[in-house]
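Undergrad: Residue numbers (the working numbering), protein chains in the order written: chain A, 2 to 108; chain B, 1384 to 1504.
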Amino acid sequence: DIQLTQSPSFLSASVGDRLTITCRASQGISSYLTWYQQKAGKAPKLLINRASTLQSGVPSRFSGSGSGTEFTLTISSLQPEDFATYYCQQVNSYPLTFGPGTKVDIK
Amino acid sequence: EVQLVESGGGLVQPGGSLRLSCAASGFTFSDHYMEWVRQAPGKGLEWVGLTRNKANSYTTEYAASVKGRFTISRDDSKNSLYLQMNSLETEDTAVYYCAGRRTVGTGFDYWGQGTLVTVSS
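1) In the structure shown, what three-state DSSP assignment does B:A1407 receive?
2) Tell me whether the segment 1394-1403 of chain B and the segment 70-81 of chain A touch, counting them as touching only if at least three CB pairs, one residue from each stretch, are closer than 8 Å.
3) Going by DSSP, which residues form a beta bridge with B:F1453?
4) Would you tell me roughly how many angstroms separate the C-alpha atoms of B:R1484 and B:M1417, rounded to the nearest one?
5) Counting only the same chain and skipping the five closest in sequence on each side, list residues whose C-beta sits under 7 Å from that of A:A14.
6) Measure the alpha-carbon distance for A:S48 versus A:S32 and round it to whole angstroms.
7) Ignore the nearest five residues each way along the sequence and tell me which others in B:G1497's own chain have a CB closer than 7 Å to its CB.
8) Alpha carbon to alpha carbon, how far is A:A85 from A:W36?
9) Taking the C-alpha atoms as reference points, what is the distance between B:G1490 and B:Y1445?
10) Against chain A, with Cβ distances strictly below 8 Å, would B:T1442 count as a contact?
What follows is the structure, given as structure tokens:
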């Protein structure tokens, strides 16, 4: 199975900050990496497909990059509605797996 | 508007069974791969399994943690997805989400609101 790790696991930040979250895969997954945002009590929301393709309707302050085993999610200027938990997911092979999550909290 | 609405969650004793349903609307259900994802209280997301679409013979895949105990099925005529859960364990306690995607190699475009399954004596 492909294991995903995320760093940091917790991040305290302020509105306007630039954030970078890293996701690492235990083996190469090409660009088959997805990012989700989940707010408390809600279902996850798809942000980015194929490592860097922004979903329709997702603000352009979100961006993704990487391939192979290392990926990043960047929020260029954190907004109040961005405080949430972010998960990466590999869709390269079964079983599909998620990273453990990165919680972004208000400083 | 795309909607996925799960139902069937509740309290069940260890060793018991439960069947979850997911009613879909607002998209071409039959074209989509349909998945189940769960989230234990205060924990992260865990993929449970999927059923592929008709073009891919409705084949299924499962996480090791549920294989042999859970069965995923679908009824395209009813735009519905199902999760039959047998031999439930306390570790199966979670919110269960159904989700859908159109394209292989991409994430899950659509998600339901989730239904809580509690396995406890």
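Don't be surprised by glycine CBs; every beta carbon is placed ideally from N, CA and C.
TA: Answer, in terms of the structure:
1) Correct three-state label for B:A1407: strand.
2) Flag = no, the segment 1394-1403 of chain B and the segment 70-81 of chain A do not touch.
3) In DSSP, B:F1453 forms a bridge with B:M1468.
4) Roughly 7 Å separates the two Cα atoms.
5) Shown here for A:A14: same chain residues with a beta carbon closer than 7 Å to its own, the five before and five after excluded, namely L20, L79, V105 and K108 in chain order.
6) Rather than Ser, the amino acid found at residue 48 of chain A in this sequence is Leu. Each residue's alpha carbon lies about 15 Å from the other.
7) Cβ neighbours of B:G1497 beyond the five flanking positions: E1389, V1478, Y1479 and Y1480.
8) The straight-line gap separating the alpha-carbon atoms of A:A85 and A:W36 is approximately 13 Å.
9) Roughly 17 Å between the two C-alpha positions.
10) For B:T1442, not one C-beta of chain A is nearer than 8 Å to its own C-beta.
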